[in-house]
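If you're matching positions, the sequence shown starts at 10 in the working numbering and goes up one per residue.
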Amino acid sequence: MLDAAFRKIIDPPLNRLGRRMADRGISANAVTLAGLGIGILAVPAIWAGAFGLALVIVLVSRLSDGLDGAIARASQKTAFGGYLDIVADFAFYGIIPLAFVLHDPDANGLAGAFVLASFYVNGSSFLGYAILAEKKGIETSAQGQKTLYYSNGLLEGAETIGFFVAICLFPDAFPALAWVFGGLCFVTATLRVYGASRVFTA
Numbered sequence: 010m011l012d013a014a015f016r017k018i019i020d021p022p023l024n025r026l027g028r029r030m031a032d033r034g035i036s037a038n039a040v041t042l043a044g045l046g047i048g049i050l051a052v053p054a055i056w057a058g059a060f061g062l063a064l065v066i067v068l069v070s071r072l073s074d075g076l077d078g079a080i081a082r083a084s085q086k087t088a089f090g091g092y093l094d095i096v097a098d099f100a101f102y103g104i105i106p107l108a109f110v111l112h113d114p115d116a117n118g119l120a121g122a123f124v125l126a127s128f129y130v131n132g133s134s135f136l137g138y139a140i141l142a143e144k145k146g147i148e149t150s151a152q153g154q155k156t157l158y159y160s161n162g163l164l165e166g167a168e169t170i171g172f173f174v175a176i177c178l179f180p181d182a183f184p185a186l187a188w189v190f191g192g193l194c195f196v197t198a199t200l201r202v203y204g205a206s207r208v209f210t211a
C-alpha cells in the first residue's frame with residue numbers, strides 16, 4: 010500500500026548510489042546475495058535475544074535489497090536478476106518470523122506458524138498474478154521498474170519491513186503483532202485474488 014509513495018522518496022538517492030556502484034563494477038546479483046547473507050545473520054541475533062543488533066541487520070539487509078535494483082537500472086537488467094531478487098526477498102521474509110519462533114517456541118510458535126502460512130498464501134497470490142499479467146502483456150511501473158509485475162495490495166514490502174522493525178523493537182509483542190499482520194496478509198491475498206478475477210476474465 011505504501012510502496013509507491015516510498016519509492017518517490019527512496020529511489021533518487023538509491024539510484025545515485027547504485028550508479029556509483031555500477032561504475033565500480035559491482036553487480037546487482039552480488040548485492041542481492043550479499044543482502045540475503047546479511048539478512049540471514051539476523052536469525053542467530055534474534056535467536057539469542059539480541060534484538061537491537063537484529064534490527065540493524067534487518068535495515069542493512071533491506072538497504073541492499075533496494076540497491077540491487079538501482080545497480081541493475083544503472084547497468085543491465087536481466088530476467089535472472091529479477092528472479093534472484095524475488096527468491097532472496099521471500100527467503101528473507103520467511104526467516105525473520107522463524108527466528109522469533111526459535112527464540113521462544115512456547116510463546117511465539119503458534120503465531121509464527123500463522124504469519125508464515127499467511128506469507129505463503131500472500132506470496133502465491135502475488136506470483137500467480139505476475140504470471141497472468143505477463144501472459145496478458147500487462148505492465149506497470151507503480152512500484153518502480155521491476156522484472157516481474159508487482160500487483161499492489163494492502164500489505165507490500167514497506168509494511169513488511171515495518172512489521173519486522175516493530176517486532177525487533179517490541180519482541181514481547183511478537184505474538185499479537187504476528188496475528189494481526191498475518192490476518193492482514195490473508196486479507197491482502199483475498200483482495201488480490203478478487204482483483205485477478207476481475208482483470209483476467211479470459
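Yeah, the Cβ is synthetic: ideal placement off N, Cα and C, and Gly gets one too.
For K86, the secondary structure class from DSSP, reduced to helix, strand or coil, is coil. I176 sits in a helix when the DSSP states are folded into three classes. With contacts defined as CB atoms closer than 8 Å, A187 and P106 qualify as a contacting pair. The way I'd put it, the region 87–103 does touch the region 114–132; three or more beta-carbon pairs between them come closer than 8 Å. Take V110, set aside five residues on each side of it, and the residues of its chain with a beta-carbon closer than 8 Å to its own are N117, G118, G121, A122, in chain order. The DSSP-derived three-state label of T169 is helix. The C-alpha of P180 is placed about 15 Å away from the C-alpha of P53. Separation of L45 and V69 (C-alpha to C-alpha, rounded to the nearest whole angstrom) is 10 Å. In its chain, beyond the 5 residues on either side, L141 have a beta carbon closer than 6 Å to the beta carbon of F209.
Assignment of A59 by DSSP, reduced to helix, strand and coil, places it in the coil class. Per DSSP, E148 is not a residue of any alpha helix (DSSP H), being assigned neither H nor E.
For the options I66, G90, G137, E168, the alpha carbon positioned closest to that of N38 is the one of G90. The C-beta of A108 has 16 or more other C-beta atoms within 10 Å across all chains shown, which makes the residue buried. For G162 against T199, the beta-carbon gap comes to about 10 Å, at or over 8 Å, which does not count as contact. For the 8 Å CB-CB criterion, R71 and I170 form a contact.
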